[in-house]
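Residues -25 to -1, 1 to 239 (mature numbering (1 follows the signal peptide of the UniProt record, and there is no 0)) make up the sequence shown, in order.
Yeah, the Cβ is synthetic: ideal placement off N, Cα and C, and Gly gets one too.
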Amino acid sequence: MPTALSRRLLIGAAAFILAATQAAAAEPLKIGVSAGPLADVLKLTNEIAKKKGIEVRLVEFTDWITPNEAVNSGDLDANFFQHAAFLATQSAHRGFRLVQVDKAGVIVPVGLFSRKIKSLDEIKEGDRVAISNDTINGGRALLLLERAGLIKLKPGIGLRATPLDVVDNPKRLRFVELDAAQIYRSLDDVTVGMVNLTFLIPAGGDPRSALIVDRTVEDQLVLRFVSRPENKDDPRLRSYVDVFKSPEVKSYIEAKLPAFIAAF
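Below, the structure is given as structure tokens:
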């Protein structure tokens, strides 16, 4: 039978745990997001969520590495910028313990852009082509070049293609691998570059100026919320994702970001 002292200790411990839980629940969610159009979508989500009593602080990033490091370390509760293919590669290379929270998200097209030519037919022998230096998005660029008839890749290589997997390059294109965020700003130094619209739009680029666009609708290319496994079912995060899936947010994406594809 517990003594009076042990009962007081148990009650005190329970009260401490309850207070800590309530304090955690009262803190705003911290979510990392790519600066630009994705951040704009979450800012609208925040406005709606706040009316429902859900407080969220957004942290904007201009790269694709730091947001995962911040979630993995616990500095952020979740992030929103990446698709499953990219997450799998980053987790394998960097040891991240991260998972997708929900199936809802958006598909962001990529395209080939140029400041020097108006058509892919104008590409000359030996021209320089900028592609992303990360495996998945670099592979996406090479697949787009293959679709444009400029190169041929090793059969079945898919998104994991690298320049080493190019088996036919009749125009002897020279591939320049750059950080994805730098490609649009580097278009003066190359003939063509593959630019993700999350970087193109905030830099003032026009999606309609693309020489060719990849709007592939594929599950592994949907950008989704990502968190640590133990945070995946956090009621605050789940409630926020439900707000993200609201008709108001979907209408905003369709009206303001017509190049994007809402995958709700």
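Contacting residues, own chain, Cβ-Cβ under 6 Å from residue i (five flanking each side not counted)
i, result
"Leu(-8)", "Note that Leu(-8) scores 39 on pLDDT, short of 50, meaning its location in the model is unreliable; the coordinates nonetheless yield the value given after this. None."
"Asn112", "Ala155"
"Ala(-2)", "Because Ala(-2) sits at a pLDDT of 46, beneath the cut-off of 50, its placement in the model cannot be relied upon, and the point is left open."
"Pro42", "Gly7, Phe36, Asn54 and Phe56"
"Ala59", "Gln195"
"Ile158", "Ala105, Gly168 and Val170"
For residue j and residue i, the rounded distance between their alpha carbons
i, j, result
"Ala238", "Leu153", "29 Å"
"Gly180", "Val34", "23 Å"
"Val167", "Asp194", "27 Å"
"Leu128", "Glu100", "18 Å"
"Ile92", "Ile98", "8 Å"
"Gly86", "Leu17", "24 Å"
"Ser221", "Leu162", "37 Å"
"Leu119", "Pro233", "21 Å"
"Val141", "Ser184", "27 Å"
"Ala53", "Pro138", "33 Å"
"Ala123", "Val74", "34 Å"
"Leu186", "Ile176", "16 Å"
"Ser226", "Pro145", "44 Å"
"Ala79", "Arg160", "31 Å"
"Ala63", "Ala10", "22 Å"
"Glu205", "Val192", "30 Å"
"Ala136", "Thr110", "7 Å"
Residue i classed as buried or exposed, judged by whether at least 16 other C-beta atoms fall within 10 angstroms
i, result
"Ile40", "exposed"
"Thr37", "exposed"
"Arg72", "exposed"
"Ala67", "exposed"
"Arg211", "buried"
"Ala178", "exposed"
"Ala156", "buried"
"Pro130", "exposed"
"Ala14", "buried"
Beta-carbon contacts of residue i that lie in its chain and below 8 Å, excluding the five residues immediately before and after
i, result
"Val218", "Thr20, Ile23, Ala24, Lys27, Ile29 and Val224"
"Leu(-21)", "Confidence is the limiting factor: at Leu(-21) the pLDDT is only 47, short of 50, which leaves the residue's position unreliable, though a coordinate-based value still follows. No residues qualify anywhere along the chain."
"Phe235", "Pro12, Val81, Ile82, Val83, Pro84, Leu172 and Ile228"
"Asp189", "Pro84, Val85, Gly86, Arg115, Leu118, Leu119 and Arg122"
"Leu51", "Lys5, Ile6, Gly7, Val34, Pro42 and Ala45"
"Pro182", "Pro84, Gly86, Leu172, Leu175, Ile176, Val188 and Ala234"
"Gly49", "Arg203"
Beta-carbon gap between residue i and residue j smaller than 8 Å
i, j, result
"Gly114", "Leu95", "no"
"Leu196", "Ile82", "yes"
"Phe61", "Val8", "no"
"Arg69", "Val165", "no"
"Leu148", "Ile126", "yes"
"Val201", "Val46", "yes"
Contacts around residue i, its chain only, beta-carbon distance under 7 Å, and the 5 residues preceding and following it disregarded
i, result
"Val31", "Pro3, Leu4, Ile6, Asn21, Ala24 and Tyr215"
"Arg90", "Leu162 and Asp163"
"Asp77", "Arg199, Phe200 and Val216"
"Lys207", "Val74 and Val76"
"Leu65", "The amino acid at residue 65 is misidentified as Leu; the sequence shows Gln. For Gln65, where only same-chain residues beyond five positions count, the Cβ hits under 7 Å are Asn43 and Phe71."
"Asp143", "Ile126 and Lys127"
The ligand ZN heavy atom lying under 7 Å from the CB of residue i
i, result
"Ser214", "Ligands are entirely absent from the displayed structure, and the ligand ZN is therefore not among its contents."
At what residue ranges does the segment 69 to 106 contain a whole run of the beta strand (DSSP E), taking only runs of 3 or more? 74 to 82 and 85 to 88
Fully enclosed by the segment 134 to 177, which alpha helix (DSSP H) runs are 4 residues long or longer? 172 to 175
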